[in-house]
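Structure, as structure tokens:
This is the structure in structure tokens:
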């Protein structure tokens, strides 16, 4: 998946996937989500995900109906750290951001 946002290219084929979150629901569930955190070669982070019609990835598909979808969302370094804190392991965090202070 690739997308230009605010004049910048975000491409899952060229960025490195560093952390994945799946909420464990079946693909047919309206609340299904799978998201991946990516790091671009220039150090920027973004999230690429997909989800059902009751998620942030939903879109209007006509006749007052919402459908599941996918999108790319640019993240700040703080948002990327929070994603890994919430969904990744301690080892993943250290590998991506270095050892935090005690």
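Residue numbers (my numbering): 223 to 324. Beta carbons: idealized from backbone N, C-alpha and C, even for Gly.
- Beta bridge pairing from DSSP links residue 296 with 268.
- The Cβ atoms of residue 251 and residue 274 sit closer than 8 angstroms to each other.
- Bridge pairing for residue 233: 224 [DSSP].
- In terms of Cβ geometry, residue 294 and residue 232 form a close pair [threshold 8 angstroms].
- For residue 240, the three-state secondary structure derived from DSSP is strand.
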